[in-house]
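Mapping of the sequence shown onto our numbering: residues 3 to 396, in sequence order.
Each residue gets a CB set at the ideal place from its N, CA and C atoms; glycine is no exception.
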Amino acid sequence: MQIAERARRVEPFYVMEIAKAAAKLAAEVAHTARPMIFLNIGEPDFTAPERVRQAAKRAVHEGHTQYTQATGLPRLRVAISHWYQQRFGVAIEPSRIVVTSGASAALQLACLALVNPGDEILMPDPSYPCNRQFVQAADGTARLLPTTPVQRFQLSASQVEQAWGPRTRGVLLASPSNPTGTSIAADELAAIQRVVAERNGITIADEIYLGLSHDAAYGQTALALGDQVVSINSFSKYFCMTGWRLGWLVVPPEAVEPVERLAQHLFICPSTISQHAALACFEPESLAEYELRREEFKARRDYFIPELNRLGLTVPVTPDGAFYAYADCSAACERLGLASSWEFAFEVMRRCHVVITPGRDFGSDSTARYVRFSTASSMAHLREAIARLEELLA
Ligand SMILES: Cc1ncc(COP(=O)(O)O)c(C=O)c1O
């Protein structure tokens, strides 16, 4: 069978190779003194709070399982709008909020609605690998611009200005970012938005980790810049509902109707059960629980990053959000006689029984120096992982 060019140009997801090898080894070492610790997983180790799970049960029991509007339950759009007001002090019309099957569907809708074939979208290197694919699926081109720790691994306005060419259509940023957990400074983001707006372009801000912001200086939504920014968000991370497949995007008023039409045809609607459950996320008790969890994620960061630094796995920019540590392992590679972070990740898996993610999937600039640790794991696991790494690097 002939496979379409579009599918053939999708790059391999290298991390799956590590995951496959890790699953095999994990089974072998499961009952030893050193079972596998998975610090490669980009999802909270918490599940949805009790009230949310009860709401899902009720929706099933009471038969609230029919299709909803393509843009989502009106009550949920209102609840999300209130959350923006309450948490970020930003007024967002519910009509600009489109509920989707996770941030993934939101990114797909945004790209299909806004990117023309041949358009170039600028994004930072390193960045979340799937974001490139959403642009490519819309027959656009993702162009990764190298970033440095000084830029917090984020794009700068001058870089965007210099890189802007005849085919450039806009920027796709993630703040806080996966894999670095670092956010873009508010003034830099405003400057980027100005550069983009002067060129009649689009700014898409992937804010899926914004709820898990640990630093007030960075924890602002890009939506504060006005109604021409597209923001992507999700119930997956802060709301701990990865497998429920629910997210949303906020679009400029004139983009609502085209996005809605696309959503109607491509998805009909996001999961009705998940939407009913998600209404309970915004009840005060649930929000209080989410805030406690955010504190826990922060405590893990505060323990783990200094420990990595102590071991010479330097984290050049302290993450201000999410649950990742992007560590430079080049000194460790030199000490162990390894060529790259790819080899380091396999070595750590084999010798420490700790699974981490090599930089390779996130870009090509200096990703051979970096590995990503996920700190969405219990403090006990994080402590044990540090002890094993210390032994390896001694
Ligand atoms: C930066 C970023 N954007 C989007 C997604 C997709 O999330 P969702 O589960 O909401 O589809 C992820 C998932 O890890 C992510 O890290």
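Check: Whole-Å CB distance - Ala279 paired with Ala81, under 8 Å assumed; Outcome: Ala279 to Ala81, Cβ: 12 Å. No contact.
Check: Status (buried if at least 16 other CB within 10 Å, exposed otherwise) for Val12; Outcome: exposed
Check: Those residues, in chain order, that have a beta-carbon closer than 6 Å to some heavy atom of ligand 1; Outcome: Gly44, Gly104, Ala105, Ser106, Tyr130, Ala176, Asn180, Asp208, Ile210, Ser236, Ser238, Thr244, Gly249
Check: Chain-order list of residues whose beta-carbon lies under 6 Å from that of Thr73 (same chain, five-residue window excluded); Outcome: Val100, Glu262
Check: Three or more C-beta pairs below 8 Å linking the region 29–39 and the region 250–268; Outcome: no
Check: In DSSP terms, what Ala144 is bridged to; Outcome: Ile123
Check: Closest by C-alpha distance to Tyr292, when choosing among Leu214, Asp363, Ala218; Outcome: Leu214
Check: Integer-rounded CB distance, given that Thr377 should sit under 8 Å from Phe284; Outcome: Between Thr377 and Phe284 the Cβ distance is about 26 Å, and since that is not below 8 Å, they are no contact.
Check: DSSP-derived helix/strand/coil call for Arg247; Outcome: coil
Check: Segment contact flag, the region 233–240 with the region 200–217, C-beta cutoff 8 Å, min 3 pairs; Outcome: yes
Check: Three-way DSSP call (helix, strand, coil) for Pro360 in this model; Outcome: strand
Check: Nearest-angstrom Cα separation, counted from Ile358 out to Phe348; Outcome: 8 Å
Check: Residue from Arg385, Arg60, Ala224, Arg53 with nearest C-alpha to Ile286; Outcome: Residue 286 is actually Pro in this sequence, not Ile. When only C-alpha atoms are compared, the closest one is Arg53.
Check: Reduced DSSP secondary structure (H/G/I, E/B, other) of Ala282; Outcome: helix
Check: Cβ neighbour criterion (16 or more within 10 Å) applied to Lys26; Outcome: exposed
Check: Terminal residues of the beta strand (DSSP E) in which Phe346 lies; Outcome: From DSSP, Phe346 is part of no beta strand (DSSP E) but of the alpha helix (DSSP H) over 343–354.
Check: Start-to-end residues for the alpha helix (DSSP H) that takes in Gly172; Outcome: Counting along the chain, Gly172 falls outside any alpha helix (DSSP H), though it belongs to the beta strand (DSSP E) covering 170–176.
Check: C-beta contact flag for Pro360 and Ser343 at 8 Å; Outcome: yes
Check: Counted within 10 angstroms of its Cβ, other Cβ atoms place Gly104 as buried (16 or more) or exposed; Outcome: buried
Check: Selection from Gln68, Tyr328, Arg169 that minimises the alpha carbon distance to Arg371; Outcome: Tyr328
Check: Boundaries of the beta strand (DSSP E) in which Val100 is found, first to last residue; Outcome: 99–102
Check: Beta-carbon spacing of Ile123, Ala144 below 8 Å; Outcome: yes
Check: Euclidean distance between Cα positions of Leu175 and Pro119; Outcome: 20 Å
Check: Cβ neighbours of Glu392 in the same chain (closer than 8 Å, five flanking residues each side left out); Outcome: Leu313
Check: Cut-off 6 Å between Cβ atoms - residues of its own chain near Val197, not counting five sequence neighbours on either side; Outcome: Ala159, Val162, Glu163
Check: DSSP three-state assignment for Gly213, whether helix, strand or coil; Outcome: helix
Check: Option nearest Arg8 by Cα separation, candidates Val137, Phe48, Glu190; Outcome: Val137
Check: As assigned by DSSP and simplified to three states, the class of Ser233; Outcome: strand
Check: C-beta contact flag for Asp322 and His216 at 8 Å; Outcome: yes
Check: Opening and closing residue of the beta strand (DSSP E) in which Val117 lies; Outcome: Per DSSP, Val117 belongs to no beta strand (DSSP E) and is neither H nor E.
Check: For Phe299, the residue or residues it bridges with in DSSP; Outcome: BP columns for Phe299 are empty, so no partner.
Check: Alpha carbon of Arg55 to alpha carbon of Ala21, nearest angstrom; Outcome: 29 Å
Check: Close Cβ partners of Pro151 (< 8 Å) along its chain, the five nearest in sequence each way excluded; Outcome: Pro318, Val319
Check: Integer-rounded CB distance, given that Thr102 should sit under 8 Å from Ile275; Outcome: Actually they are not in contact, since the Cβ atoms of Ile275 and Thr102 sit about 15 Å apart, beyond 8 Å.
Check: Terminal residues of the alpha helix (DSSP H) in which Arg154 lies; Outcome: Where Arg154 is concerned, there is no enclosing alpha helix (DSSP H), given that its DSSP letter is neither H nor E.
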